[in-house]
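Data first, discussion second: the structure below is written as structure tokens.
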Amino acid sequence: MLTTDVLIIGAGPSGLSTSYFLQIPKIVIIEKEDRAGGLMKTDYYEDSYFDKTGHLLHLRTDELRRIIENELNVPLRRIKRNSKIFSRDTFIEYPFQVNLYGLPKEVVATCLKNFIHAKIKKRKKRYKSFKDFIYGEFGEGIANEFLIPYNTKIWTLNPDDMSAGFCEKYIPVPDIDDVIDGALGIIKTDVGYNASFYYPERGGIESIIRGFLRRIHSEIIYKSYPVKINLKKRLVFLSNNTVYNYKYLVSTIPLNDFISLIEDAPVEIQNAGSRLSNTEICYFNVITKRILDNVPHWIYLPERDIPFYRVGSYSAFNRLLTRDEYETFYIEFSYRKGGFCDSGNLERRIPHLFKRLGFIKDDSDIISIRPFFIKCAYVIFDKHYQKSTSLIFDYLSKNRVYSIGRYGKWEYSSMQDAILYGKETALDIKKRIKIEKNK
Ligand SMILES: Cc1cc2nc3c(=O)[nH]c(=O)nc-3n(C[C@H](O)[C@H](O)[C@H](O)COP(=O)(O)OP(=O)(O)OC[C@H]3O[C@@H](n4cnc5c(N)ncnc54)[C@H](O)[C@@H]3O)c2cc1C
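Residue 3 is where the sequence shown starts when you use the working numbering, and the numbers rise one by one after that.
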């Protein structure tokens with residue numbers, strides 16, 4: 003049996019960050035893939051870099067920028083968001099609710115009147131579902147034109163079956179003045195949590211992962227994964243037939259997968275784990291001839307006849323990601339975990355849609371299309387979410403397990419959060435090690 007002070011499962015940003023901030027000798031990282039980075043990996047082919055769809059740094063504080071630039075040595079550039087919404091075959095600014103100008107007049111009038119009526123009505127103290135929140139705060143017009151169809155596509159379920167809890171942070175609710183200004187064409191593009199973002203100067207988002215790897219001295223065991231975990235005995239059995247005894251366990255893998263590995267988990271915890279649900283994503287990287295001068299960074303696609311929910315352009319984030327004569331795109335389709343995805347049919351629809359969006363003039367302007375899949379993409383905030391996650395986290399904290407990152411915490415969060423969770427976890431482990439030494 004092998005021993006280690008800290009065993010980290012998953013070499014994505016949260017696992018690597020934990021190791022980076024710990025900097026103690028006995029850390030082992032277990033990674034099922036042959037390369038570190040998780041969703042912060044960048045693929046490279048045809049002289050172009052492709053992240054796992056758009057991966058942009060929305061930094062709320064300066065701390066992380068300093069860490070990335072000064073400690074990891076990865077220069078970043080700040081970019082002002084240029085995102086659009088393609089609605090009624092027109093491009094309007096994002097966010098929809100404060101940029102109605104450009105839509106057909108009757109649509110603008112309905113959205114505006116319904117919004118004002120919703121504002122005048124007394125605000126509910128607690129919304130019973132996501133749909134209830136949308137209708138209650140925005141009114142029927144904005145709900146039916148954008149918020150309901152877009153969110154149904156991305157989350158793959160009816161917003162009526164989703165809890166309202168998570169949305170207030172991510173969906174800005176404007177006041178009446180802003181909505182009226184937006185309907186009259188007084189543009190407001192700097193609303194919301196991602197009005198500008200940072201992106202590496204070179205090499206795609208994975209350059210940050212390479213920065214971590216240059217500064218980490220832990221052992222990373224690639225192409226291996228846990229097959230069984232015993233929390234009471236502090237044992238992790240690996241697919242390569244080794245067994246680790248750990249003092250501290252950090253998991254960054256999807257929470258439902260992690261729970262299913264714990265052989266001594268009580269039945270109610272196993273059941274709570276199996277109720278956690280998520281979306282999968284099929285996305286396509288598309289290379290086209292360069293035709294437009296100013297391609298938006300990303301475009302939301304609420305229209306019901308378009309199966310994809312969003313399309314974005316890597317080369318619009320940074321021209322150095324591809325050749326001068328190319329434009330590179332990603333286009334995303336979401337479906338429920340374990341569901342069927344007809345990627346061939348989706349792929350066939352891309353040329354027509356790209357013509358409709360003005361990205362190409364002719365089918366022959368497309369140079370290549372390649373499909374990719376993300377097996378755990380968005381955690382679903384359904385009606386089981388709250389109860390299942392509180393049961394599980396209560397159990398894990400009693401057993402001294404840190405489950406962190408977007409999928410470890412089972413939430414909607416970012417790369418920044420993943421890296422900062424790693425730091426927080428490392429500081430906590432260091433504190434405990436110190437206390438134990440002094441006993
Ligand atoms: C479509 C999409 C777009 C996104 N866009 C953005 C964005 O623009 N900006 C932003 O900040 N965030 C974005 N995110 C979120 C971001 O990707 C995550 O917050 C971040 O990757 C979480 O890092 P992590 O290390 O916790 O998890 P991950 O990146 O998922 O890493 C987990 C690691 O664990 C490994 N692993 C999994 N299972 C096992 C196992 N059983 N055994 C061993 N290893 C295992 C994986 O291979 C992986 O290396 C996006 C996410 C998605 C899905």
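Cβ coordinates follow ideal geometry from the N, Cα and C atoms, glycine included.
(Q) Quick test of your reading: N287 and Y248, contact by CB under 8 Å. State the CB separation rounded to the nearest angstrom. (A) That pair is no contact at about 38 Å.
Q: Look up L61 in the DSSP assignment and say whether it is helix, strand or coil.
A: coil
Q: Answer yes or no: do L233 and V245 have a C-beta to C-beta separation smaller than 9 Å?
A: Taking 9 Å as the Cβ cut-off, L233 and V245 do not qualify as a contacting pair.
Q | Buried or exposed (CB count within 10 angstroms, at least 16 for buried), V229 | A | exposed
Q. Going straight from the alpha carbon of F52 to that of R125, what length do you get?
A. 44 Å
Q. So, are the CB atoms of K28 and T63 less than 9 Å apart?
A. no
Q.
Do G184 and Y302 have their beta-carbon atoms positioned less than 9 Å apart in this structure?
A. no
Q) So is the beta-carbon of M42 under 8 Å away from any non-hydrogen atom of ligand 1? A) Yes, ligand 1 has a heavy atom inside 8 Å of this Cβ.
**Q.** Assumed close pair I369, Y328 - CB separation to whole angstroms, cut-off 8 Å
**A.** 7 Å
(Q) Assuming the contact rule is C-beta atoms closer than 8 Å, N280 and A379 should be a hit. Round their C-beta distance to whole Å, please. (A) 7 Å
Q.
I want to check one thing, is the minimum distance from the CB of C378 to the heavy atoms of ligand 1 below 8 Å?
A. yes
Q: Kindly list the residues whose CB is nearer than 8 Å to the CB of L215, restricted to its own chain and excluding five residues on each side of it in sequence; keep chain order.
A: L18 and A38
Q. Could you give the C-beta distance for S336 and I156, rounded to a whole number, given that I count them as a contact under 8 Å?
A. Correct: roughly 5 Å between the Cβ atoms.
**Q.** Heavy atom of ligand 1 within 8 Å of I32 beta-carbon
**A.** yes
Q) Looking only at C-alpha atoms, which of I211, S253, L149 and K225 sits nearest to A428? A) S253
(Q) Cutting at 6 Å between CB atoms, please list the residues of its own chain near D2, excluding the five before and the five after it. (A) Absent from the model: residue 2. The displayed extent of the chain is 3 to 441, so no value can be given.
Q) With DSSP run on the structure shown, which of helix, strand or coil describes Y2? A) The structure shown does not extend to residue 2, since the chain spans only 3 to 441, so no value can be given for it.
Q) Are I382 and T55 close, meaning C-beta to C-beta below 9 Å? A) Cβ atoms of I382 and T55: not closer than 9 Å.
Q: Quick one: residues in its chain with C-beta nearer than 6 Å to the C-beta of D36, no 5 flanking neighbours on either side, listed in chain order?
A: Counting only Cβ-Cβ distances below 6 Å, and skipping sequence neighbours, we find Y224 and K225.
Q | For N465, the three-state DSSP class (helix, strand or coil) | A | What is shown of the chain runs 3 to 441, which leaves residue 465 out entirely.
Q: Could you tell me the distance, in whole angstroms, from the CA atom of I182 to the CA atom of R338?
A: A straight-line Cα-Cα distance of about 37 Å links I182 and R338.
Q: Spatial neighbours of S165 within its chain, please: CB distance less than 8 Å, with the 5 preceding and 5 following residues excluded, ordered by chain position.
A: S131, F132, F383, D384, K385, Y387 and Q388
Q) From L422, G341 and D430, pick the residue whose C-alpha is nearest to that of V403; which is it? A) D430
Q: In angstroms with no decimal places, state the Cα-to-Cα distance between S297 and S392.
A: It should be pointed out that residue 297 corresponds to Val in this sequence rather than to Ser. Approximately 43 Å, taken between the alpha carbons.
Q. To which residues does DSSP link I376 through a beta bridge?
A. I376 is bridged to I283.
Q: Could I get the ranges of all uninterrupted alpha helix (DSSP H) runs contained in the segment 172-243, with 4 residues as the minimum, in chain order?
A: Entirely contained in the segment 172-243, the alpha helix (DSSP H) runs reaching 4 residues are, in chain order, 178-185 and 208-217.
Q) Within 8 Å: the Cβ of Y337 and any heavy atom of ligand 3? A) With respect to small molecules bound, the structure shown includes ligand 1 and not ligand 3.
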